[in-house]
Amino acid sequence: MGSFTHTAFDTPLGPVALAATDEGIVRCNLPGSDPDALVEEVVARTGMEPVEGGEAVDEAADQVTEFLAGKRREFDLALDWRLIGGFYRDVLQATTTIPWGETASYGEVAALAGKPGAARAAGTALSLNPIALIVPCHRIIKSDGSTGGYGGGKAGTALKQRLLDLERT
Numbered sequence: 333m334g335s336f337t338h339t340a341f342d343t344p345l346g347p348v349a350l351a352a353t354d355e356g357i358v359r360c361n362l363p364g365s366d367p368d369a370l371v372e373e374v375v376a377r378t379g380m381e382p383v384e385g386g387e388a389v390d391e392a393a394d395q396v397t398e399f400l401a402g403k404r405r406e407f408d409l410a411l412d413w414r415l416i417g418g419f420y421r422d423v424l425q426a427t428t429t430i431p432w433g434e435t436a437s438y439g440e441v442a443a444l445a446g447k448p449g450a451a452r453a454a455g456t457a458l459s460l461n462p463i464a465l466i467v468p469c470h471r472i473i474k475s476d477g478s479t480g481g482y483g484g485g486k487a488g489t490a491l492k493q494r495l496l497d498l499e500r501t
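Take the sequence shown: its letter number 128 is residue 460 in the numbering used here, and every next letter is one higher.
Below is the structure:
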């Protein structure tokens with residue numbers, strides 16, 4: 333069965349929670365999300381036992397804190413993609429190629445994932461991003477340049493705009 337590590341920490345935008353398996357970061361909730369729900373979800377999906385703290389989640393917490401302070405542009409973390417399959421995984425992996433300060437449309441990320449014309453499906457995949465911030469779904473916007481939706485917990489599109497603004501400074 334095994335175990336996974338998890339942590340929750342405060343940021344200027346609200347609490348963030350992380351979980352990691354032996355493969356890498358498996359979950360990162362956005363500010364405004366329930367940290368306990370993250371633990372419950374990973375237990376339900378993996379059957380693993382939760383363990384508070386650990387090297388992987390501590391390092392990820394440091395990097396997320398640096399990112400939200402504008403001091404980090406890229407994450408240097410192993411990611412565990414095992415709980416994400418098919419096109420959703422392809423979309424999220426393609427999203428990791430969008431650099432700091434740049435954006436792409438839902439259609440562009442769908443094409444990067446090998447499915448041109450699947451903008452709506454890409455949007456669905458991004459709305460379910462289990463490794464938010466680290467997989468920068470906030471960089472994906474509508475083709476007309478507006479921000480589009482965002483699953484940032486209770487903060488929603490206002491959080492997405494704050495993250496985009498952070499990357500423009």
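Glycine is no exception: its CB is placed at the ideal position from the N, C-alpha and C atoms.
Bear in mind that the values here come from a model prediction, so they are computed numbers and not experimental data.
With DSSP as the reference, label residue i as helix, strand or coil.
i	result
R377	helix
P448	coil
E384	strand
E362	The displayed chain sequence assigns Leu, not Glu, to residue 362. Reduced to three states, the DSSP call for L362 is coil.
S335	strand
A410	coil
Roughly how many angstroms separate the alpha carbons of residue i and residue j, rounded to a whole number?
i	j	result
F419	L370	23 Å
R471	G379	32 Å
R377	A393	22 Å
A388	S478	35 Å
R359	G402	22 Å
K486	D366	At K486 the pLDDT is 48, less than 50, meaning the model places this residue with poor confidence and gives no usable figure here.
T501	I473	18 Å
R494	S335	34 Å
With distance defined between alpha-carbon atoms, name the residue in the options nearest to residue i.
i	options	result
A442	A451, A436, E434, E387	A451
T429	R414, R405, I416, D412	R405
A436	G480, V383, D390	G480
G483	E440, H338, R494, A464	A464
D390	V423, G356, D368	G356
P468	L491, T427, G433	T427
A351	D408, P462, T343, T397	P462
G364	D342, V383, E381, L458	D342
G449	A457, Y438, E434	Y438
N361	D354, T353, E373	E373
Run through the DSSP bridge pairs and tell me what residue i is partnered with.
i	result
A436	I472
L341	A small fix is needed here, since residue 341 is Phe in this sequence, not Leu. V348, per the DSSP bridge assignment.
V467	A464
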